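Chains as they are written, first to last, in the working numbering: chain A, 2 to 335; chain B, 2 to 335; chain C, 2 to 335; chain D, 2 to 335.
Protein chains: 4
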Amino acid sequence: MRLVRLKAQAASGNLKLVEAEPRSPGPGEVLVRIRACSLNAHDSMVIGGLIPTADGRIPLSDGAGEVMAIGESVDAFKIGDAVVSTFFPAWFAGNPTKAVKRDIPGETIDGYASEFACRPAHHFTKAPAHSSYLESATLPCAGVTAWSGLMTHGQVKPGETVLVLGSGGVSLFALQFAKMVGARLIATSSSEDKLAQLQRLGADEVINYKECPAWGRKAKELTDGRGVDHVVEVGGPGTIMQSIEACRMGGHIAVIGVLTGFSGDISIPAIFSNQIRITGIQVGSRAEQASMIRAINANALKPVIGQVYPFEEINDAFADFDAGKSFGKACMEF
Amino acid sequence: MRLVRLKAQAASGNLKLVEAEPRSPGPGEVLVRIRACSLNAHDSMVIGGLIPTADGRIPLSDGAGEVMAIGESVDAFKIGDAVVSTFFPAWFAGNPTKAVKRDIPGETIDGYASEFACRPAHHFTKAPAHSSYLESATLPCAGVTAWSGLMTHGQVKPGETVLVLGSGGVSLFALQFAKMVGARLIATSSSEDKLAQLQRLGADEVINYKECPAWGRKAKELTDGRGVDHVVEVGGPGTIMQSIEACRMGGHIAVIGVLTGFSGDISIPAIFSNQIRITGIQVGSRAEQASMIRAINANALKPVIGQVYPFEEINDAFADFDAGKSFGKACMEF
Amino acid sequence: MRLVRLKAQAASGNLKLVEAEPRSPGPGEVLVRIRACSLNAHDSMVIGGLIPTADGRIPLSDGAGEVMAIGESVDAFKIGDAVVSTFFPAWFAGNPTKAVKRDIPGETIDGYASEFACRPAHHFTKAPAHSSYLESATLPCAGVTAWSGLMTHGQVKPGETVLVLGSGGVSLFALQFAKMVGARLIATSSSEDKLAQLQRLGADEVINYKECPAWGRKAKELTDGRGVDHVVEVGGPGTIMQSIEACRMGGHIAVIGVLTGFSGDISIPAIFSNQIRITGIQVGSRAEQASMIRAINANALKPVIGQVYPFEEINDAFADFDAGKSFGKACMEF
Amino acid sequence: MRLVRLKAQAASGNLKLVEAEPRSPGPGEVLVRIRACSLNAHDSMVIGGLIPTADGRIPLSDGAGEVMAIGESVDAFKIGDAVVSTFFPAWFAGNPTKAVKRDIPGETIDGYASEFACRPAHHFTKAPAHSSYLESATLPCAGVTAWSGLMTHGQVKPGETVLVLGSGGVSLFALQFAKMVGARLIATSSSEDKLAQLQRLGADEVINYKECPAWGRKAKELTDGRGVDHVVEVGGPGTIMQSIEACRMGGHIAVIGVLTGFSGDISIPAIFSNQIRITGIQVGSRAEQASMIRAINANALKPVIGQVYPFEEINDAFADFDAGKSFGKACMEF
């Protein structure tokens, strides 16, 4: 099989495919033929060295494929099952603990940039029933993050309003999940073209934040002055004050990303005088992935696929990904 | 104006319209021209004497109409607003207290079987933006009950499965809300005709409980053996054991009605060995009604209207209602 | 080592100690020298054949002891650690699933009536820091059940009132946890002697249910007519209607046991007109056991130990247990 | 009666008592003889002009006293009842709305710096059963804020660890509530004398933050490296990064105050990589005040009273309060 192993001194742009031999699954393990991976900011930071990893690590947290062989005492899957990886294999359900961070595929343990992966069975869940491998591969990081922010922490209800910032992977899933649950959806972008695409995906209202720098107040006006119920906050210091401005009294902000920088000036009285609830989200548990997949099955949801690359073009894939131009989840096929 | 006043010795079938003069709204009050009412089992029990009430009481808990005049210091409404009554005007939000039972229109205080009603402004919320008066009038009792059972107590998520029993008012709202929130919906009925109507409204699966007396197990099978996540239990002793049988481990049963009788033999080990959660629901708060109406607005939901009667035919309306033959919410127009 | 193995045809009273050789721990396993076990109704039903089990099964779900050896890749424990077993080793956290029922020590897998137990490390948690082995052994079934009922499902707050029925193992833990959390506690018993003991343990009010058959109403009166917030319901059909009567509007009943029989006549309108919340509890997860143990550590709580037997007297222990005369948790020492 | 009315141009230090005539209670109103008030930062900001108010406003949000007369249709109180004011009289229960901010005694409506107050009955709750007027007067702002932060939003459990910053009014209540609920309590101060007083009140661990500027990490170490479960954050920008550092994965920070300034540099990745939950708290609802008072009654809790001034010395009282030297809640007696 072919796979990618990172060198400690590696930088993006010089990932090389090497040959190796797949192992046979031991007790509790499954051998999965990986058919698709998706690209995430987390992967990019590992490959670029911003997040340290071990020498020889196989990158990429998100993979989907087909079970080729199963070891002893595996009853969750059978040969031929379509499966998808989980971001935190040791986080089964409930609240997170420090321990779940020990096992992150593509960072602290081997990931899925490999034609075959032999892993403990609990590193996978079943894939959605009617999804392609490409579609399934978009779910573990971006999909579960949006699900956790809106469903677990947000408990979004029909008729509430959700504000998503931009059109990155998490924002697109948040848009789709918000519409699935009967919520109203406001989306922002600086590109008229992307705003049009967001509307085609179901956004009820869109705001061009370049033309409307006070987009927080604008979003609030779009709710008759009541304020939005939830913000999926991917911007960080450059956007969070506008996100707070957009919120209703008691509104919820799922803090997920830092596209505008790591830290910045934040007003504390704005948080308590509006009784804002901020939840820091980092992906989610296996149980949340399973719930999300049930929802995808029941609603025949189609993840938004962006540019697709063959495995051999992994360097180009990350170069394009880092440039951030595509709409929809960038993926690789094997 | 014309209205109905119950006599202590009254029984259904002899309701008479009488003439009276509407009052002008005092401080904090509004005068509403009632344009439609809906009929509920609760009203029928009050009229029939099963639920005691005061001599001269105006019956009916659910009314919708237009604000004709407002008293001093009313800022929630203005003249011309379309409004709808609330079942528990003193239950603003949060958990119920005994005190909220003191004010139940049509039972402990005057209801809406009247061409005009002069009441404190907090006895109403705004009606849905695009609903007719008839549609709005279906909401306070049946709509809020279904909303509270599924949304407040059930916290239904997309991809979960909801089981509704029969096609009464609460069950139809539960069906519509479950589909609105992206859930799967299983419905039962003994009539093939009603099953077909339930499917047209969005039921994913239907079960004829006359042909399949073990409909609880059948519902569980329809979830690949996992069990349903929520049951909207309107049957009571004759259905609850099947409802428990239908549930997944940790499933939720919203107990709402007793169509099959008041009490009966229930197995306790079935409750704890499946870790079932049972919530007794009696309508809900003003805040829940407002949330439900936001959801109705956002999703342009149309309540299912059944037979509609002119106000003069209130006796016929209740005779038909008690016979239970209609599909959809029975209403009166003024 | 000595241990007990059940025969398929066995009945209580003829348990025999046999000799066997302990295994060495494999990867992920620990070898624990069991120093104490507690007795639970669940064990009694397995031994008596009411709950079926496999031939040769080692009974008892609750054991505490010392880690003697650890296998490869075990990092949760080290040699010498005091540990206590968990009732559902496969239930890590969050909501229950059917799968957690596959592994129940003393029923579907081997339990702890054995001088040594070699098990996967996740079958144990650390014991409380200052508890004896006897005290620790009382926790997995009765302690976690009370914790789950009051803390996870009840979310008991200081100043709320908790009603416990009788003085069985779960009721005593519920009493202690309720007082630990600043709640008021009402306890019932038919024995004046036990009522005095319950008061010594912290019960604020006690009711002799033999002298006061309407103890539900009595409990409600003891809350100035508001009703209790939580009932820990161990009686089942013979007590639940009084438990409902005791509750405040919106009150919570944790259904845990069936000391008065398996099924009986229950009034459904009493549930919904008081908006009662009933939660079926069957022990709880590993995360709940860990939370409970943190609480025991922080509050230096001492479980109430009843009669203690040497391992050799296991038959006498269960004979006395089934007669139900003791106050406090019956245990065995090795 | 004597009372204080603010002048638009007033500043602290020139409050004057003036004479006025109490009104008789109208329908729904009660006349309360105010016997004690407490001083809060909110009052100080209104008096000092930082929070704008109307000309002639009677300041102070927190008052306790005795019901002297009741108007028509008041059934919540009777003459002679000891009552205490609420901070948001229009916030009955459940989630906050913008509307609750319209009625804030001492800011948007008249407060309690007055020997008598004639107000709608729902502006008060019953006082704790065994508290003095002074003790009751400490509750509406500081007590309810701590209760809401820990109990409503934090859902603190026994055995969890709570970190409180300094020894202000909210922090002392948080300490007392945390101990009431069986939690561990870590407190900080820069004064050894205050640390000793915090320990006498029940703090399990104390940290002198002047000697230990990395008090966040220190607090985490005091939990064996797991991190605290809750922080009651009164410092704002100067402390919040240490508060985040102190937290366990998934920990909760109740953001309540800004003693160190209004805004500052905050790291967003620290929030999401530790999955921190931040809740902005601004006092709470009437239902929360009632729950807190039930807890105070059940646990005979004594609020910590600091310096007490006669009403005539209101200027001195605020001068001392603004200097911030006292330990315990500063109050005035009438």
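For each residue, glycine too, the CB sits at the ideal point set by N, CA and C.
Only a predicted model underlies this, so the values are computations on that prediction, with no experimental measurement involved.
Exercise. For Asn209(A) and chain B, any beta-carbon pair shorter than 7 Å?
Worked result: Here residue 209(A) refers to the residue found at position 208 of the first sequence. Not one chain B Cβ lies under 7 Å of Asn209(A).
For this session: Could you check the C-alpha separation between Ala215(D) and Gly228(A) for me, to the nearest Å?
Result: What you label residue 215(D) is simply residue 214 of the fourth sequence in a count that begins at 1. What you label residue 228(A) is simply residue 227 of the first sequence in a count that begins at 1. Going from the Cα of Ala215(D) to the Cα of Gly228(A) covers about 38 Å.
Problem set entry | Interface partners of Phe93(A) on chain C, CB under 8 Å | Taking the first residue of the first sequence as position 1, residue 93(A) is located at position 92. Neighbours of Phe93(A) on chain C, chain order: Phe93, Ala94 and Gly95.
Problem set entry | Spatially closest choice to Ser62(B) from Ser172(B), Ser137(B), Leu223(B) and Ala188(B), by CA coordinates | Along the second sequence, read from residue 1 onward, the residue named residue 62(B) stands at position 61. Of Ser172(B), Ser137(B), Leu223(B) and Ala188(B), the residue nearest in Cα terms is Ser137(B).
Exercise. Quick one: what's got a C-beta closer than 8 Å to Phe322(A)'s C-beta in the same chain, skipping five residues either side?
Worked result: Counting from 1 along the first sequence, the entry for residue 322(A) is found at position 321. Here the set comprises Leu40, Ser45 and Ala331.
For this session: Can you pull the chain C residues whose beta carbon is under 8 Å from the beta carbon of Asp185(D), in chain order?
Result: In the fourth sequence, the residue the question calls residue 185(D) occupies position 184. It is worth fixing the name first, because residue 185(D) is Arg in this sequence and not Asp. In chain order: Ala299.
For this session: Tell me, please, whether the CB atom of Ala220(B) is closer than 7 Å to any CB atom in chain D?
Result: Against the second sequence, residue 220(B) aligns to sequence position 219. By this cut-off, Ala220(B) is not an interface position.
For this session: Kindly list, in the order they appear in chain D, the residues whose Cβ is closer than 9 Å to that of Gly160(C).
Result: In the third sequence, the residue the question calls residue 160(C) occupies position 159. Those are Met181, Ser292, Met293, Ile294, Arg295, Ala296, Ile297, Asn298, Ala299 and Asn300, listed as they occur along chain D.
Exercise. Which runs of the alpha helix (DSSP H) spanning at least 4 residues fall entirely within the region 200-251 of chain C, listed in chain order?
Worked result: 216-222 and 241-247
Exercise. Would you say Met152(D) faces chain C, with C-beta separation under 7 Å as the test?
Worked result: Against the fourth sequence, residue 152(D) aligns to sequence position 151. So yes, Met152(D) belongs to the interface.
Exercise. What do you get for Pro311(D), buried or exposed, if any count of 16 or more other CB atoms within 10 angstroms of its CB means buried?
Worked result: Translated into positions along the fourth sequence, residue 311(D) becomes position 310. Burial call: exposed.
Problem set entry | Cβ-Cβ distance between Thr240(D) and Thr224(D) below 7 Å | Here residue 240(D) refers to the residue found at position 239 of the fourth sequence. Here residue 224(D) refers to the residue found at position 223 of the fourth sequence. No. Outside cutoff.
Problem set entry | DSSP state of Met181(D) mapped onto helix, strand, coil | Residue numbering aside, residue 181(D) sits at position 180 when the fourth sequence is read from its first letter. In the structure shown, Met181(D) sits in a helix (DSSP, three-state: H, G or I).
Exercise. Between Ser115(A) and Val75(A), what straight-line distance do the alpha-carbon atoms span, to the nearest angstrom?
Worked result: Position 114 of the first sequence, counted from the first residue, corresponds to residue 115(A). Position 74 of the first sequence, counted from the first residue, corresponds to residue 75(A). If I take the Cα positions, the gap works out to 22 Å.
Problem set entry | Of the listed residues Gly81(D), Gly64(D) and Thr126(D), nearest to Gly107(D) (C-alpha basis) | Residue 107(D) sits at position 106 when you count from the first residue of the fourth sequence. Closest by alpha carbon: Gly64(D).
For this session: Rounded to whole angstroms, what's the CA-CA distance from Leu18(C) to Ala318(C)? Just pull it up for me.
Result: As a first step, residue 18(C) must be located in the third sequence, where it is residue number 17. As a first step, residue 318(C) must be located in the third sequence, where it is residue number 317. About 14 Å.
Exercise. Is Glu206(A) buried or exposed, if buried means 16 or more other CB atoms sit within 10 Å of its CB?
Worked result: On the first sequence, residue 206(A) is found 205 positions in, with the first residue counted as 1. With 16 or more other Cβ atoms within 10 Å, it is buried.
For this session: Can you grab the Cα-Cα spacing for the pair Arg34(A) / Pro90(A), in whole Å?
Result: In the first sequence, counting from the first residue as 1, residue 34(A) sits at position 33. In the first sequence, counting from the first residue as 1, residue 90(A) sits at position 89. Going by the C-alpha atoms only, they are around 18 Å apart.
Problem set entry | Length of the line joining the Cα atoms of Ser133(D) and Met250(C) | Along the fourth sequence, read from residue 1 onward, the residue named residue 133(D) stands at position 132. Along the third sequence, read from residue 1 onward, the residue named residue 250(C) stands at position 249. C-alpha separation (whole angstroms): 31 Å.
Problem set entry | Meets three-Cβ-pair contact criterion under 8 Å: the region 51-60 of chain D and the region 80-97 of chain D | no
For this session: With 7 Å as the threshold, decide whether the Cβ of Ala288(C) is near any Cβ in chain A.
Result: Counted from its first residue, the third sequence places residue 288(C) at position 287. Answer yes: the Cβ-Cβ gap between Ala288(C) and chain A drops below 7 Å somewhere.
Exercise. For Ala409(C), which three-state DSSP category applies?
Worked result: Since the first residue shown for chain C is 2 and the last is 335, residue 409(C) is missing from the structure and cannot be characterised.
Exercise. So with Cβ pairs under 7 Å, would you call Gly239(D) a contact of chain F?
Worked result: No chain F appears in this structure, whose protein chains are A, B, C and D.
For this session: Using 10 angstroms around the beta-carbon of Ser149(C), count the other beta-carbons present and answer buried if the total reaches 16, otherwise exposed.
Result: Position 148 of the third sequence, counted from the first residue, corresponds to residue 149(C). Classification for Ser149(C): buried.
For this session: Have a look at Asn298(C) and Ser264(D) and give me their C-alpha separation to the nearest angstrom.
Result: To locate residue 298(C), count along the third sequence from 1; it is residue 297. To locate residue 264(D), count along the fourth sequence from 1; it is residue 263. Asn298(C) and Ser264(D): Cα-Cα distance of roughly 39 Å.
Exercise. Where do the N-terminal and C-terminal ends of the alpha helix (DSSP H) with Gln290(C) fall, by residue?
Worked result: Here residue 290(C) corresponds to residue number 289 of the third sequence, with the count starting at 1. Its alpha helix (DSSP H) spans residues Arg287 to Asn300.
Problem set entry | Residues near Gln308(C) in its chain [Cβ-Cβ closer than 7 Å; skip 5 each side] | Walking along the third sequence from the start, residue 308(C) turns up at place 307. Hits under 7 Å: Asp321, Ser327 and Ala331.
Exercise. Mind checking if Phe319(B) is an interface residue toward chain C, Cβ cutoff 7 Å exclusive?
Worked result: What you label residue 319(B) is simply residue 318 of the second sequence in a count that begins at 1. Not an interface residue.
For this session: Could you work out which residues of chain B lie near Thr280(C), taking near to mean beta carbons separated by less than 7 Å?
Result: Counting from 1 along the third sequence, the entry for residue 280(C) is found at position 279. Under the 7 Å cutoff, chain B gives Arg278.
Exercise. So, Val284(B) versus Thr146(B), is the Cβ gap smaller than 7 Å?
Worked result: Against the second sequence, residue 284(B) aligns to sequence position 283. Against the second sequence, residue 146(B) aligns to sequence position 145. A contact, by the Cβ cut-off of 7 Å.
Exercise. Any idea if Gly191(B) is buried or exposed, counting beta-carbon neighbours within 10 angstroms, 16 or more meaning buried?
Worked result: Here residue 191(B) is taken as the residue at index 190 of the second sequence, counted from 1. According to the sequence provided, residue 191(B) is Ser. The question's Gly does not apply to it. Burial call: exposed.
Problem set entry | Closest by C-alpha distance to Ala288(B), when choosing among Lys8(B), Ala37(B), His124(B) and Arg24(B) | Walking along the second sequence from the start, residue 288(B) turns up at place 287. Residue His124(B) is the option with its Cα nearest to Ala288(B).
Problem set entry | Beta-carbon spacing of Met2(B), Phe78(B) below 7 Å | Within the second sequence, residue 2(B) is the residue found at index 1, counting from 1. Within the second sequence, residue 78(B) is the residue found at index 77, counting from 1. No; because the gap between Cβ atoms is not below 7 Å, this pair is not in contact.
For this session: With DSSP collapsed to three states, give me the class of Arg103(B).
Result: Indexing the second sequence from 1 puts residue 103(B) at position 102. DSSP places Arg103(B) in helix when its eight states are reduced to three.
For this session: Scan the region 254-275 of chain A for residues whose Cβ lies nearer than 7 Å to a Cβ of chain D and list them as they occur along the chain.
Result: Val256, Ile257, Val259, Phe263, Ser264, Gly265, Asp266, Ile267, Ser268, Ile269, Pro270, Ile272, Phe273, Ser274 and Asn275
Exercise. Do Gln290(D) and Thr126(D) have their C-beta atoms within less than 7 Å of each other?
Worked result: Stepping through the fourth sequence from its first residue, residue 290(D) is reached at position 289. Stepping through the fourth sequence from its first residue, residue 126(D) is reached at position 125. Cβ distance < 7 Å, so Gln290(D) and Thr126(D) count as in contact.
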